[in-house]
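Below is one structure, written out as structure tokens; the observations come after it.
Numbering (the numbering used here), first residue to last: 10 to 276.
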């Protein structure tokens, strides 16, 4: 006899607690974990790909970049060609001689050794000191020529050139063209040995005691020979011609002649 409230069919053990979950729910795959893992994997993969790309880019940069050497120089900011270095040649020369301004008359004084010869005051003072020092050493230095105006130089250059049938280039080897002579600066002087006058304005002046004394002592009085042997101006050797370079004006005036190399002029 069945008790009230109980079914006559026996309870199937396979319909245990699992039977309480609806079949539709029980058979559907669990989607929650997959939905969480997928964006994480994509993010990790993206970061890894970015890092790998960055490493490849850095490697390619170092491989393809030009190597910098110790001698390499930075490229100019513009495409304009670099400025060429200044040349040693000067376009200011005429037949190897540089142009100089003429000394103002107010700057010229006569020298005591020869009242007919004038020089600039600073040069005249040092020249007389030099002559006196040489005299004390038993050497006689005499002045032959000092200041010559540009007009005087014009006659000396063209007049003598015509008399001797010389070309301008030939004459320039012996005398400067007008406006290009050191004599009209008031700083130059031609000298001789008072005891051997036959050597005046001759290359064998360099055999005299006066020349030898000048070679050893002229620099103490700020004088130097303008045209030594094989001078860069191409002017003939003049051991008798000396110039004063003892103040700012004279030093600046002769700077080009002392340092630049004019283009050679063929005779």
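All C-beta atoms, glycine included, are put in the ideal place defined by N, C-alpha and C.
Provide the residue(s) that pair with residue 137 in DSSP beta bridges, ordered along the chain. Residue numbering aside, residue 137 sits at position 128 when the chain shown is read from its first letter. DSSP, once it has assigned bridges, lists no residue as partnering residue 137.
Using alpha carbons as the reference points, say which of 186, 211, 200, 251 lies closest to residue 107. One-based indexing of the chain shown puts residue 107 at position 98. Considering only alpha carbons, the answer is 186.
Given a cut-off of 8 Å, decide if residue 252 and residue 230 are closer than it, judged by their beta-carbon atoms. Indexing the chain shown from 1 puts residue 230 at position 221. Indexing the chain shown from 1 puts residue 252 at position 243. No, these two residues do not count as a Cβ contact at 8 Å.
Anyone know if the C-beta pair for residue 219 and residue 199 falls short of 8 Å? Counting from one through the chain shown, the residue named residue 219 turns up at place 210. Counting from one through the chain shown, the residue named residue 199 turns up at place 190. No, they are not a contact pair.
Tell me the residue span of the alpha helix (DSSP H) that contains residue 159. Taking the first residue of the chain shown as position 1, residue 159 is located at position 150. 159 to 163 is the span of the alpha helix (DSSP H), which, as asked, contains residue 159.
On the criterion of 16 or more Cβ atoms from any shown chain inside 10 Å, does residue 60 qualify as buried, or is it exposed? Numbered from 1 along the chain shown, position 51 holds the residue referred to as residue 60. Exposed, since its Cβ has fewer than 16 Cβ neighbours within 10 Å.
Just to confirm the assignment, what range does the alpha helix (DSSP H) spanning residue 261 have? Walking along the chain shown from the start, residue 261 turns up at place 252. Per DSSP, residue 261 belongs to the alpha helix (DSSP H) from 257 to 262.
Give me whichever residues DSSP pairs with residue 201 in a beta bridge. As a position in the chain shown, residue 201 is number 192, starting the count at 1. Answer is 151.
Per DSSP, which one or two residues make a beta bridge with residue 117? For the purposes of this step, residue 117 is taken as residue 108 along the chain shown, with counting starting at 1. BP columns for residue 117 point to 129.
Closer than 7 Å by C-beta to residue 148: which residues in its own chain qualify, once you throw out the five before and the five after it? Chain order, please. The sequence position of residue 148 within the chain shown is 139, counting from 1. 218, 219, 222, listed in sequence order.
Alpha carbons only, please: which of 209, 213, 208, 156 is nearest the one belonging to residue 188? Working through the chain shown from its first residue, we reach residue 188 at position 179. The option with the nearest alpha carbon to residue 188 is 156.
Cβ-based burial, residue 125 [other Cβ within 10 Å; buried from 16]: The residue given as residue 125 occupies position 116 in the chain shown. Exposed, since its Cβ has fewer than 16 Cβ neighbours within 10 Å.
Nearest-angstrom Cα separation, counted from residue 194 out to residue 260: On the chain shown, residue 260 is found 251 positions in, with the first residue counted as 1. On the chain shown, residue 194 is found 185 positions in, with the first residue counted as 1. So the two alpha carbons sit approximately 12 Å from each other.
Can you give the Cα-Cα distance for residue 150 and residue 235, rounded to whole angstroms? Stepping through the chain shown from its first residue, residue 150 is reached at position 141. Stepping through the chain shown from its first residue, residue 235 is reached at position 226. Straight through space, the alpha carbons of residue 235 and residue 150 are spaced by roughly 17 Å.
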